[in-house]
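Worksheet for the structure shown next.
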Amino acid sequence: MSDSWPRRRLLAILRGASEPLDAQELARITGQHVTTVRFHLDVLTRESLVRQFQQPPRGRGRPRIGYSAVQRSVGYQELAQVLADQLGPDPRRRSEAAIAAGRAWGAKLDAGDHRVESLEDAKDVTMTLLSELGFAPERDPNETAEQALIRLTACPLRELARTHSEVVCGVHLGLIKEVLDRNGARGDVNVRLHPFVEPELCVVRLEMLARREQDTRREPDLRREPDNREVATVPAVGDTGGSEPLIAPPSAGRVAPQLRNGDPNIAKQSAQQW
Numbered sequence: 000m001s002d003s004w005p006r007r008r009l010l011a012i013l014r015g016a017s018e019p020l021d022a023q024e025l026a027r028i029t030g031q032h033v034t035t036v037r038f039h040l041d042v043l044t045r046e047s048l049v050r051q052f053q054q055p056p057r058g059r060g061r062p063r064i065g066y067s068a069v070q071r072s073v074g075y076q077e078l079a080q081v082l083a084d085q086l087g088p089d090p091r092r093r094s095e096a097a098i099a100a101g102r103a104w105g106a107k108l109d110a111g112d113h114r115v116e117s118l119e120d121a122k123d124v125t126m127t128l129l130s131e132l133g134f135a136p137e138r139d140p141n142e143t144a145e146q147a148l149i150r151l152t153a154c155p156l157r158e159l160a161r162t163h164s165e166v167v168c169g170v171h172l173g174l175i176k177e178v179l180d181r182n183g184a185r186g187d188v189n190v191r192l193h194p195f196v197e198p199e200l201c202v203v204r205l206e207m208l209a210r211r212e213q214d215t216r217r218e219p220d221l222r223r224e225p226d227n228r229e230v231a232t233v234p235a236v237g238d239t240g241g242s243e244p245l246i247a248p249p250s251a252g253r254v255a256p257q258l259r260n261g262d263p264n265i266a267k268q269s270a271q272q273w
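Sequential numbering of the sequence shown, starting at 0, is according to numbering that gives the first Met the number 0.
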């Protein structure tokens, strides 16, 4: 699509909306002038990224024009499973190869021009990216100034992710990291992915790293879970020892994301929510 942050933001809003929105509603949400919003909507319509709908007028007058995002879909489910199976039996190599593939994918996408200088910037870029790819992201109410949580209520490859989470989620993780890096976040934002915290819900966690923490970062190593699975891990931010999964193992039921140790407020909020 066009390299325009206002249009990317409008598209993200429309992808997250439960019903069509008209230009005046979008102008109120974004703070832009309604004429500017209509201009961007016309471009998105020509690019087949949004669709127009006629809506009843508010009171007397002509019918309103509502806009809804055209949802993209990812096909070739069987091909994706075959490719995942070809990455070999070693969990670490599968995860590393998937993250590298996700980064390669992110390098080819339009990354926009929204400079990441804060956690809010990182969240906006990630929300826009995931909206465009059909993940229907939502902001989590339990986020803090140090940590953003993004709820993924849809996934184009959810069924494959249930059996190949280190591959599917690894690709998505690498994609997010690459797009953030291209917008200036390299070395500043830590990204983790928690698959299936609920049967139909995954969570992305973003954290801004302090400089002293960036200096101690290292490549993922391997950790074995109690059920004998191995997952790629990195040191947990703020920890002096131990490790935390970059991609958490899928949960069988309603389990909270493994949030940062030593943060009682987040732990309490998480326990209440999950």
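A virtual CB, placed ideally from N, CA and C, is assigned to each residue, including glycine. As the structure is a prediction and not an experimental result, all values here were calculated from the model.
Which of helix, strand or coil DSSP assigns to residue i
{"i": "L13", "result": "helix"}
{"i": "A160", "result": "helix"}
{"i": "F38", "result": "helix"}
{"i": "A83", "result": "helix"}
{"i": "L151", "result": "strand"}
{"i": "R93", "result": "helix"}
{"i": "P136", "result": "strand"}
{"i": "V188", "result": "strand"}
For residue i: DSSP bridge partner residues
{"i": "F52", "result": "G65"}
{"i": "L20", "result": "Y66"}
{"i": "H193", "result": "V202"}
{"i": "Q31", "result": "Partner(s): none; Q31 has no beta bridge."}
{"i": "M207", "result": "V188"}
Candidates the options, of which the one nearest residue i by Cα
{"i": "H113", "options": "K107, L129, T125", "result": "T125"}
{"i": "A160", "options": "T35, H193, L205", "result": "H193"}
{"i": "A106", "options": "R50, E206, H171, E46", "result": "H171"}
{"i": "T152", "options": "E197, R37, R50", "result": "E197"}
{"i": "P90", "options": "L179, C168, D41, R138", "result": "C168"}
{"i": "G173", "options": "L40, V42, E131, V203", "result": "V203"}
{"i": "L179", "options": "L205, A99, I12", "result": "L205"}
{"i": "G65", "options": "P19, R27, E46", "result": "P19"}
{"i": "N182", "options": "A100, V33, D123", "result": "D123"}
{"i": "R185", "options": "R150, R138, A121, T127", "result": "A121"}
{"i": "L118", "options": "E145, S3, E131", "result": "E145"}
{"i": "P88", "options": "H163, K176, E177", "result": "H163"}
{"i": "L13", "options": "T127, A99, V190", "result": "T127"}
{"i": "S67", "options": "A99, L25, V33, A103", "result": "L25"}
{"i": "T143", "options": "M207, R45, A99", "result": "M207"}
{"i": "D139", "options": "D84, C201, T44", "result": "C201"}
{"i": "L10", "options": "E131, R150, F195", "result": "E131"}
{"i": "E46", "options": "R27, S3, F195", "result": "S3"}
Cut-off 8 Å between Cβ atoms - residues of its own chain near residue i, not counting five sequence neighbours on either side
{"i": "L86", "result": "R92, R93, A96, A97, V166"}
{"i": "R157", "result": "E199"}
{"i": "P5", "result": "T29, Q31, T35, H39"}
{"i": "R59", "result": "none"}
{"i": "W104", "result": "V170, G173, L174, E177"}
{"i": "T44", "result": "R50, Q51, Y66"}
{"i": "R102", "result": "G173, L174, K176, E177"}
Proximal residues to residue i (C-beta, below 6 Å), its chain only, five neighbours per side dropped
{"i": "L129", "result": "P136"}
{"i": "R8", "result": "none"}
{"i": "K176", "result": "V190"}
{"i": "A83", "result": "H163, V166"}
{"i": "V33", "result": "A22, Q23, A26"}
Whole-number beta carbon distance between residue j and residue i, since they are thought to touch under 8 Å
{"i": "V115", "j": "V188", "result": "7 Å"}
{"i": "V49", "j": "V69", "result": "6 Å"}
{"i": "A22", "j": "R37", "result": "5 Å"}
Residues near residue i by beta carbon distance below 7 Å, same chain, minus five either side
{"i": "P62", "result": "Q53, Q54, P55, P56"}
{"i": "A110", "result": "V178, R181, N182"}
{"i": "A99", "result": "G173"}
{"i": "L315", "result": "Residue 315 cannot be examined here, being either before or after the span of the chain that is shown, 0 to 273."}
{"i": "R150", "result": "P136, E137, D139, L200, V202"}
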